[in-house]
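Undergrad: Have a look at the structure that comes next, please.
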Amino acid sequence: MEQEAKAKDPWKGVPRKKIIDEVYRLRDAVRRLIPQSPAPSLPVVAGRGDDSVPTGWAERHGITIPRAEGVFESVAAWVRVKNGVIIGAGLKNQSILSLAISLDLLDQGAEHHGNLYRDWRAAFLSRLDPATSGDAGSDGSEAWTKEDRYSKLIHRVEKDYLNAMDCIVASRPKAKHLAAFQANQEAFVEAFKIVAKAMVEINHEAEQAQHA
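The working numbering applies: residue 1 is where the sequence shown begins, and numbers increase by one.
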């Protein structure tokens with residue numbers, strides 16, 4: 001009778017810790033036998049339209065996203081994540097201008113015009129008197145400052161071209177602008193050339209005014 005009771009309760013007399021360990025072992029074994037659904041990947045699309053990120057963009061640039069919040073980087077790129085969604089991304093060390101030059105879409109001289117444009121724009125935006133920052137610029141010899149030249153530029157070139165130029169010369173271009181460039185290289189190059197041509201004309205006019 002006693003032997004029959006032992007057969008019905010094989011755990012009788014076994015230490016509690018050993019029983020618990022065995023339960024955990026069996027649970028893990030069962031889990032391994034049940035097919036697991038793949039874990040959802042962390043953010044692949046943006047949460048707002050102005051920072052859309054192409055699917056797989058972070059992975060292609062060597063970025064690991066271990067958490068649902070924060071800024072994560074690789075050597076060449078970065079992404080900003082909030083609530084498990086990418087809300088911003090871009091390259092760290094290569095502008096669209098540098099990329100266009102490396103692809104032989106623009107020559108090395110384009111770097112000069114890109115730097116000059118950045119200087120003009122920065123001077124214009126830092127102007128102490130914003131009330132006059134929208135005028136067309138004057139033609140006196142004393143008026144050819146960087147901000148005055150940019151004032152002339154925005155009255156001679158369509159806004160879309162200037163917006164494209166801003167994207168082209170940005171030192172940390174957004175992923176959506178990079179994707180737009182890849183899809184519309186000719187349009188970006190044309191915009192750059194139109195803006196650069198207008199800048200050359202403005203500089204020529206400045207030289208003439210200063211020597212008059």
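For each residue, glycine too, the CB sits at the ideal point set by N, CA and C.
How many whole angstroms separate the CB atoms of K82 and R172, which I take to be in contact at a CB cut-off of 8 Å?
TA: On the sequence shown, residue 82 is found 82 positions in, with the first residue counted as 1. On the sequence shown, residue 172 is found 172 positions in, with the first residue counted as 1. About 18 Å; that fails the 8 Å criterion.
Undergrad: Between which two residues does the alpha helix (DSSP H) holding V200 run?
TA: As a first step, residue 200 is located in the sequence shown; it is residue number 200 there, counting from the start. Segment Q185 to H211, the alpha helix (DSSP H) holding V200.
Undergrad: Can you tell me which of the three DSSP states R80 falls into?
TA: Residue numbering aside, residue 80 sits at position 80 when the sequence shown is read from its first letter. It is a strand residue.
Undergrad: By the DSSP assignment, the beta strand (DSSP E) with V71 in it spans what residues?
TA: Translated into positions along the sequence shown, residue 71 becomes position 71. Taken as a continuous stretch (DSSP letters only), the beta strand (DSSP E) holding V71 covers G70 to E73.
Undergrad: Among the candidates R67, A68 and V79, whose CA atom is the shortest distance from the CA of W57?
TA: Counting from one through the sequence shown, the residue named residue 57 turns up at place 57. W57 has its Cα closest to that of V79, out of R67, A68 and V79.
Undergrad: Between which residues of its own chain and G137 is the CB-CB distance below 6 Å, once the five residues before and five after are set aside?
TA: Indexing the sequence shown from 1 puts residue 137 at position 137. Low local confidence applies: a pLDDT of 46 at G137 is under 50, so the model's placement there is unreliable, and no value is given.
Undergrad: So what does DSSP say about P40, is it helix, strand or coil?
TA: By one-based count along the sequence shown, residue 40 stands at place 40. Its pLDDT being 44, under 50, P40 is placed unreliably in this model, and the value from its coordinates should be taken loosely. Residue state, collapsed to three classes: coil.
Undergrad: For K174, which residues does DSSP report across the bridge?
TA: Looking up residue 174 in the sequence shown gives position 174. In the DSSP output, where bridge partners are listed per residue, K174 has G90.
Undergrad: Under the three-state reduction of DSSP, which class applies to V85: helix, strand or coil?
TA: Start at 1 with the first residue of the sequence shown, and residue 85 comes out as number 85. Strand, per DSSP.
Undergrad: Whole angstroms are fine: how far does the CA of A198 sit from the CA of P211?
TA: Position 211 of the sequence shown holds residue 211. Position 198 of the sequence shown holds residue 198. In the sequence under discussion, the amino acid at residue 211 is His, which differs from the Pro named in the question. In this structure, the CA atom of H211 is about 20 Å from the CA atom of A198.
Undergrad: Give the DSSP-derived three-state secondary structure of E147 in the structure shown.
TA: Counted from its first residue, the sequence shown places residue 147 at position 147. In the three-state DSSP reduction, E147 falls in the helix class (H, G or I).
Undergrad: Could you pull the start and end residues of the alpha helix (DSSP H) that I65 belongs to?
TA: As a position in the sequence shown, residue 65 is number 65, starting the count at 1. Taken as a continuous stretch (DSSP letters only), I65 belongs to no alpha helix (DSSP H), as it is neither H nor E.
Undergrad: At the level of alpha carbons, what is the spacing between N163 and R121?
TA: What you label residue 163 is simply residue 163 of the sequence shown in a count that begins at 1. What you label residue 121 is simply residue 121 of the sequence shown in a count that begins at 1. C-alpha separation (whole angstroms): 12 Å.
Undergrad: Could you have a look at V157 and say whether DSSP puts it in helix, strand or coil?
TA: Here the question's residue 157 lines up with position 157 in the sequence shown. Coil at V157, not helix or strand.
Undergrad: Classify G56 as helix, strand or coil using the three-state DSSP reduction.
TA: Position 56 of the sequence shown, counted from the first residue, corresponds to residue 56. Correct three-state label for G56: coil.
Undergrad: Is the distance from the Cβ of F192 to the Cβ of M165 below 8 Å?
TA: As a first step, residue 192 is located in the sequence shown; it is residue number 192 there, counting from the start. As a first step, residue 165 is located in the sequence shown; it is residue number 165 there, counting from the start. Taking 8 Å as the Cβ cut-off, F192 and M165 qualify as a contacting pair.
Undergrad: Using CA atoms only, rank isn't needed, just tell me which of R156, I86 and D107 is closest to I194.
TA: Taking the first residue of the sequence shown as 1, we reach residue 194 at position 194. When each option's Cα is compared against that of I194, the closest is R156.
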